[in-house]
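Working notes, beginning with the structure itself.
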Amino acid sequence: MVKLIVAVVQDKDAQRLVEGLVDKGFRSTKLASTGGFLREGNTTILIGTEDHQVSTVLNVVRKTCHSREQLVTPLAPVSGPSDSYVPYPVEVQVGGATVFVLQVERFEKI
Ligand code: 2BA
């Protein structure tokens, strides 16, 4: 059975992840993506693999992707008085990786 692993990772970790996957013989596709919350660039990696290889792929992700603190300055509210609004930066923890493992109905190389 084939699985598709979709991993959203930080740009800083993407190259190491792809290299780690190549070292273990996995194929992957790297897509430029943007996080909905921070609205900053991140990287989405697609990995098609066999069921029994999923845990090996996840171990490579664990080894290569790290979580980091990031400061975010909230936007001013859309309604209400904006002159009294003081935007305090808040800290969010980003990553190591957000991973989805999907069942693949059919896989063909043509
Ligand atoms: P962003 O959406 O830019 O989110 C960056 C970080 O901001 C998140 O890190 C989380 O710590 C925080 N965050 C996101 N939404 C929030 C909210 N509504 N309230 C408070 N804090 C929030 P991660 O959770 O590690 O996510 C990193 C990136 O992974 C996300 O970037 C997004 O591109 C992707 N992602 C995370 N969860 C997802 C999901 N359920 N579906 C699709 N993509 C997801």
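Numbering (the working numbering), first residue to last: 9 to 118.
Glycine is no exception: its CB is placed at the ideal position from the N, C-alpha and C atoms.
All of these numbers come straight from a predicted model, not from anything done at the bench.
Check	Outcome
Check whether V69 and V109 have beta carbons under 8 Å apart	no
For N67 and D31, the rounded distance between their alpha carbons	13 Å
Whole-angstrom distance between S92 and N50, CA atom to CA atom	33 Å
Neighbourhood of L12 by C-beta, 7 Å cutoff - its chain only, sequence neighbours within 5 removed	L54, G56, L110 and V112
Straight-line Cα distance separating L79 from L39	24 Å
Own chain partners of Q101 with C-beta closer than 7 Å, once the 5 adjacent residues on each side are dropped	S75 and E77
Nearest residue (CA-CA) to D21, options C73, P82 and V14	C73
Contacting residues, own chain, Cβ-Cβ under 7 Å from V16 (five flanking each side not counted)	S41, N50, T52, A105 and T106
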